[in-house]
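Read the structure below first, then the notes.
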Amino acid sequence: MKLLLTSLLCLTVLAPSAKASTVPVAIAELTCDNGSGLFVLKYVYENDDFFSEPNLPQRCRLGKTNYKITGQRGAFRENGMCGAQPPVSISVFRNGKPLVVDTVFGDNCFHGPAISSIEAIEINGTLKELKLCILKEPESKPLCRVLPVNGQKITTIKPIEQSSLDEPVSNNER
């Protein structure tokens, strides 16, 4: 089954089964697999031309749970360190509640941390796992952490913000 969506860019939703789809989002790949309850948003460096707007917002429905990803590239300026390569900031919402708020996604010209991927596992409408991979600086190896959510109500989970990406990484994170 193929659907054609039209936006700033033409993008194709490939649905190998009725349960899963992978969507190119200009700078990322979004996987939404209802069968396994898997939501993945992964930065793809090779797809980032550093000028185009990401094709957002995007939505992912996993059973009773709805994810929405919003974001935009910073303003282009001729002068300044990153004026020609402004970073993209994203927000991710789960059933309308924020998981990630206005955080740099992908390449960060300012040499600060950025999210390289977000992975969530849903089982029967309950968030069982939330994994966040962070690039501490451009071209570094991502450091991934599994956040302790295991079924907590989303209202008790503190949203991830840009400042929290600078928190130290413990030994059990990879």
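Heads up, the sequence shown is in this note's numbering, so the first residue is 74 and it goes up one at a time.
Beta carbons are placed, not taken as given, at the ideal position from N, Cα and C, and that holds for glycine.
Partner residues in the beta bridge of Q145, as assigned by DSSP, are S162.
DSSP, read as helix, strand or coil, puts L238 in helix. Of all alpha-carbon atoms in K201, V161 and E202, the one lying nearest the alpha-carbon of N128 is that of V161. It is roughly 43 Å from the alpha-carbon of L135 to the alpha-carbon of N152. In this structure, L111 is the residue among L111, S125 and N120 with its C-alpha nearest to the C-alpha of K204. Of the residues E202, L220, R150 and C133, the one whose Cα lies closest to the Cα of D106 is C133. Counting only runs that start and end inside the segment 187-220, the beta strand (DSSP E) elements of at least 3 residues fall at 187-196, 199-208 and 216-220.
For the 8 Å CB-CB criterion, P159 and R146 form a contact.
Along the segment 107-152, the beta strand (DSSP E) occurs as fully enclosed runs of 3 or more residues at 111-116, 131-135 and 138-146, listed in sequence order. In terms of Cα proximity to S190, the closest of Y118, I230 and I207 is I207. For E210, same chain residues with a beta-carbon under 8 Å away, outside a window of 5 residues either side, are N181, H184, G185 and P186 in chain order.
In the structure shown, I233 falls within a strand segment according to DSSP collapsed to helix, strand and coil.
If you ignore the 5 residues before and after L220, its C-beta comes within less than 7 Å of the C-beta of L203 and L205, all in its own chain and listed in chain order. The straight-line gap separating the alpha-carbon atoms of I196 and R150 is approximately 44 Å. Boundaries for F183: no beta strand (DSSP E) harbours it, and the DSSP string shows neither H nor E there. Around the beta carbon of K115, 16 or more other beta carbons sit within 10 angstroms, so the residue counts as buried.
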